[in-house]
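Enquirer:
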Amino acid sequence: MSDWREDLRRVIGEAEKVAVLGAGSILCGDDAAGMLVAQKLRQVAAGNPRILALEGSTAPENFTGVIRAYHPDLLILVDAAYIEGEQGAVELLSTQQQAGLSFSTHMLPFDLMLDFVNRELGCRSAVIGIKAEQVKFDTEPGLAVSKAAADLAAEIAALLPWRGQN
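If you read the sequence shown in my numbering, its first letter stands for residue 29, the second for the next number, and so on.
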């Protein structure tokens, strides 16, 4: 498995504007991973016009209008995932992994939403998964997932510096 930071750097590439859409339920433990990334990213990248962080919750497809208005070069969808590794492991998911995702907390499968975004908005897309272990209702995210979400948000912000800053 490759280093997620290198994968993220490669995916972002020369993108000028990136929309990050966090998915998941804040009521179900580690399933909140994507939401935590969006929340943290809004804090660490506040005022940066190159980054749009959205909390898509259990219906991220409802944010396609906001994403369209932003005109990103890249959409990164972040969610909890059942992937290899320890709780909180971060991985850029392949197309095959994306097609196989079936999270019960989401209304529309990600592959359908991303196909729409790619066709209608003309931007690239990527899905990043954070390894979930505990997704029971009325539980808090694990420390490893919370740390991974903060690390991912910080890395995205670092790769997209606000060029208006000194």
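By construction, the Cβ of each residue, glycine as well, lies at the ideal position given by its N, Cα and C atoms.
Pick helix, strand or coil for T92, following the three-state DSSP scheme.
Expert: Taking the sequence shown and counting its residues from 1, the one referred to as residue 92 is at position 64. Helix, per DSSP.
Enquirer: Under DSSP, the alpha helix (DSSP H) around A66 begins and ends at which residues?
Expert: By 1-based counting over the sequence shown, the position of residue 66 is 38. 61 to 72 is the span of the alpha helix (DSSP H), which, as asked, contains A66.
Enquirer: So V118 and A176 are in contact, right, with Cβ under 8 Å, and what is the actual spacing, rounded?
Expert: On the sequence shown, position 90 is the one that residue 118 refers to. On the sequence shown, position 148 is the one that residue 176 refers to. Correct: roughly 5 Å between the Cβ atoms.
Enquirer: CA-CA distance, S174 and Q71?
Expert: Walking along the sequence shown from the start, residue 174 turns up at place 146. Walking along the sequence shown from the start, residue 71 turns up at place 43. About 15 Å.
Enquirer: Please list, in chain order, all residues of the same chain as A43 whose beta carbon is under 6 Å from its beta carbon, the five residues on each side excluded.
Expert: Counted from its first residue, the sequence shown places residue 43 at position 15. Answer for A43: D101, L102, listed in chain order.
Enquirer: To the nearest whole angstrom, what separates the beta carbons of G170 and Q115, a pair I think is in contact under 8 Å?
Expert: Numbered from 1 along the sequence shown, position 142 holds the residue referred to as residue 170. Numbered from 1 along the sequence shown, position 87 holds the residue referred to as residue 115. That belief holds up - the Cβ atoms of G170 and Q115 are roughly 5 Å apart, short of 8 Å.
Enquirer: Using the three-state DSSP reduction, which class does I158 fall into: helix, strand or coil?
Expert: Along the sequence shown, one-based indexing puts residue 158 at 130. Strand, per DSSP.
Enquirer: If you follow the alpha helix (DSSP H) that A186 is in, where does it begin and where does it stop?
Expert: Position 158 of the sequence shown, counting from 1, holds the residue named residue 186. First-last of the alpha helix (DSSP H) with A186: 171 to 187.
Enquirer: In this structure, does DSSP put R78 in helix, strand or coil?
Expert: Position 50 of the sequence shown, counted from the start, is the residue given in the question as residue 78. In this structure, R78 counts as coil in the three-state DSSP scheme.
Enquirer: Secondary structure at E83, three-state DSSP: helix, strand or coil?
Expert: Here residue 83 refers to the residue found at position 55 when the sequence shown is read from its first residue. Strand at E83.
Enquirer: Could you compute how far the alpha carbon of N76 sits from the alpha carbon of W190?
Expert: By one-based count along the sequence shown, residue 76 stands at place 48. By one-based count along the sequence shown, residue 190 stands at place 162. If you take the alpha carbons of N76 and W190, they lie about 5 Å apart.
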